[in-house]
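Student: One structure, pasted below without further comment.
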Amino acid sequence: MARPDRPRRSHRGPCPVQLRAIPAFADNYIWMLSDDLGNALVVDPGVAGPVEAALQAHELRLRTILITHHHADHIGGLQALAAHHHPAVYMADDARIGGDGQRVHHGETLTLAAPALRAVVLALPGHTRNHVAYHLAPWLFCGDALFSLGCGRLFEGTPADLLLSMQRIAALPPDTLVCAAHEYTLANATFALSVEPDNDALRARREHVQSLRARDLPSLPVALAEERASNPFLRWDAPTVRAWCAAHGAATASPAACLGALRAGKDAFRA
Numbered sequence: 001m002a003r004p005d006r007p008r009r010s011h012r013g014p015c016p017v018q019l020r021a022i023p024a025f026a027d028n029y030i031w032m033l034s035d036d037l038g039n040a041l042v043v044d045p046g047v048a049g050p051v052e053a054a055l056q057a058h059e060l061r062l063r064t065i066l067i068t069h070h071h072a073d074h075i076g077g078l079q080a081l082a083a084h085h086h087p088a089v090y091m092a093d094d095a096r097i098g099g100d101g102q103r104v105h106h107g108e109t110l111t112l113a114a115p116a117l118r119a120v121v122l123a124l125p126g127h128t129r130n131h132v133a134y135h136l137a138p139w140l141f142c143g144d145a146l147f148s149l150g151c152g153r154l155f156e157g158t159p160a161d162l163l164l165s166m167q168r169i170a171a172l173p174p175d176t177l178v179c180a181a182h183e184y185t186l187a188n189a190t191f192a193l194s195v196e197p198d199n200d201a202l203r204a205r206r207e208h209v210q211s212l213r214a215r216d217l218p219s220l221p222v223a224l225a226e227e228r229a230s231n232p233f234l235r236w237d238a239p240t241v242r243a244w245c246a247a248h249g250a251a252t253a254s255p256a257a258c259l260g261a262l263r264a265g266k267d268a269f270r271a
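Numbering-wise, UniProt numbering puts 116 at position 116 of the sequence shown, and it's gapless, one number per residue.
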C-alpha cells in the first residue's frame, strides 16, 4: 500500500487547507482535509485506526465525516470515530449506512463548519444506487464512482446510470482534482490501453503513474482534464473508443451502450 503523499495545500477559503491520503486495507485511500486551526475532515473511513493515527500525528481534531456509499471498506470506521470525536456526519441517503447524520441528495450545497468549506453533493449512481460524491473545489471526493483511468463496477446500476454519473463528473471544471478511493490506476491503465493503444495522453499518464508507484507514492489526486484525455469511461464519444465499443458488443451507437460495453469489457479483462 502506498505511503501517504505529502500534504497538498489549497489557499481557497478563509483558512488554508491541506489534503492527505491515508492508506487503508490493501488499496484504499481515506482522504483527509485539515486547516491551520487543527480541524480535520475525513472521507469514507473504512477503518478507524489509520484515521486516529493521522489525527494524533498531526495534532488534529476530527470535526467532519463525509460518506459516499454503504460498502464496508468505506464505512467500517464510522461508528467508532463518531463515538470518539462527535463530528458532523454527512452521508448518502441509504438505509444500509447506519448511525446519525445528515442524509444528502444531489444538488445540495453543504456549509461545513470545520474546516470551513462548501461542499456540493453530486448523485453518482451505478456502483451503488445511492452513491454520492462531494465537490469541495478544487477536490472531488468520488468514492468508487470514478477511478483514475477507470470507474467502479455496476453492482446496482445500469449503463444509463453510469452515463449520467460520467456526464456529471465531466461537466466539472477541468482543474478539479479527482480523489478516488482506491489505488487502481496501473491496473486500469492496462485495460485503457487495450481500448486506445495510440492515445498519447494515456501513455504519458501510465508512465507518470509508474514513476509515482515505483517511489511508493499515490497516483491521486489527478486533474480531471488528464482523466478526460485518458480515461475511456470519460471518453465515450471519442471515435477510437466508439469503434472499440462497436467491435465489443455495443448494440447501438448510444453513449450508454458504449459505456455498458466498456464496463463489461473491463469486468472480463485479464491482462
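Every residue, glycine too, gets a C-beta built ideally from N, C-alpha and C.
Just so you know, these numbers come straight off a predicted model, no measurement behind them.
Give me the residue from A171, R153, F141 with the minimum Cα distance to L179.
Tutor: For the record, residue 179 in the displayed sequence is Cys; it is not Leu. Answer by Cα proximity: F141.
Student: Please report the straight-line C-alpha distance between G49 and L193, rounded to a whole angstrom.
Tutor: For G49 and L193, the distance between alpha carbons rounds to 37 Å.
Student: So, under 8 Å CB-CB, L122 and A137 are touching, yes? Tell me the CB distance rounded to an integer number of Å.
Tutor: L122 to A137, Cβ: 12 Å. No contact.
Student: With a floor of 3 residues, list each beta strand (DSSP E) that falls wholly inside the region 73–144, ordered by position along the chain.
Tutor: Counting only runs of 3 or more, we get 88–92, 102–104, 109–112, 117–123, 132–136, 139–143.
Student: List the endpoints of the continuous beta strand (DSSP E) containing V43.
Tutor: Its beta strand (DSSP E) spans residues 39–43.
Student: Taking R39 as the reference, give the member of V47, R263, H86, Q210 with the closest Cα.
Tutor: For the sequence presented, residue 39 should be read as Asn rather than Arg. Here the closest residue by C-alpha is H86.
Student: Whole angstroms are fine: how far does the CA of A54 sit from the CA of F233?
Tutor: Distance between the alpha carbons of F233 and A54: 33 Å.
Student: Are the Cβ atoms of A250 and A238 separated by less than 7 Å?
Tutor: Against a cut-off of 7 Å, the Cβ pair of A238 and A250 comes out as no contact.
Student: Check for me: the alpha helix (DSSP H) holding R215 runs from which residue to which?
Tutor: No alpha helix (DSSP H) contains R215, which DSSP labels as neither H nor E.
Student: Using C-beta distances below 7 Å, list every residue in its chain close to D267, excluding the 5 sequence neighbours before and after it, in chain order.
Tutor: Correct list, in chain order: R153.
Student: Measuring CA to CA, which of L62, L220, Q210, G150 is closest to Y29?
Tutor: Among L62, L220, Q210, G150, the Cα nearest to that of Y29 belongs to L220.
Student: What are the boundary residues of the beta strand (DSSP E) that includes P23?
Tutor: First-last of the beta strand (DSSP E) with P23: 17–24.
Student: Could you give the distance in angstroms between the alpha-carbon of D216 and the alpha-carbon of Q210?
Tutor: Using only the alpha carbons, I get a separation of about 10 Å.
Student: From V43 to M32, what distance separates their C-alpha atoms?
Tutor: If I take the Cα positions, the gap works out to 7 Å.
Student: Just to confirm my understanding: we take D198, look at its own chain, exclude 5 residues before and 5 after, and list those with CB closer than 8 Å. What are they?
Tutor: Only T240 meet the Cβ criterion.
Student: G143 and H69: beta carbons closer than 7 Å?
Tutor: For G143 and H69, yes; Cβs fall inside 7 Å.
Student: Nearest CA to the CA of A253: which residue from H71, W236, A264?
Tutor: Ranking the options by Cα distance to A253, first place goes to W236.
Student: Can you list, in chain order, the residues of its chain whose CB lies under 6 Å from that of D94, leaving out five sequence neighbours each side?
Tutor: Answer for D94: H70, N130, listed in chain order.
Student: Verify whether the separation of the beta carbon atoms of S165 and G107 is less than 7 Å.
Tutor: It is not a contact, given that the beta carbons lie outside the stated cut-off.
Student: Residue ranges of each alpha helix (DSSP H) run of no fewer than 4 residues wholly in the region 177–253, ordered along the chain?
Tutor: You should have 185–195, 200–214, 224–230, 239–247.
Student: So what's R270 in DSSP terms, helix, strand or just coil?
Tutor: The answer is coil: DSSP assigns R270 none of H, G, I, E or B.
Student: Check H11 in the structure and name its three-state DSSP category.
Tutor: Note that H11 scores a pLDDT of 49, beneath 50, so its modelled location is shaky; the value from the coordinates is reported in the next line. Note: H11 maps to coil in three-state DSSP.
Student: Flag this pair as yes or no: are the beta carbons of L172 and L224 separated by less than 7 Å?
Tutor: Yes, Cβ-Cβ distance for L172 and L224 is below 7 Å.
Student: Where does R263 sit, in a helix, a strand or coil, going by DSSP?
Tutor: The answer is helix: DSSP assigns R263 an H, G or I state.
Student: To the nearest angstrom, how far is the alpha carbon of R205 from that of N231?
Tutor: Those two C-alpha atoms are separated by around 10 Å.
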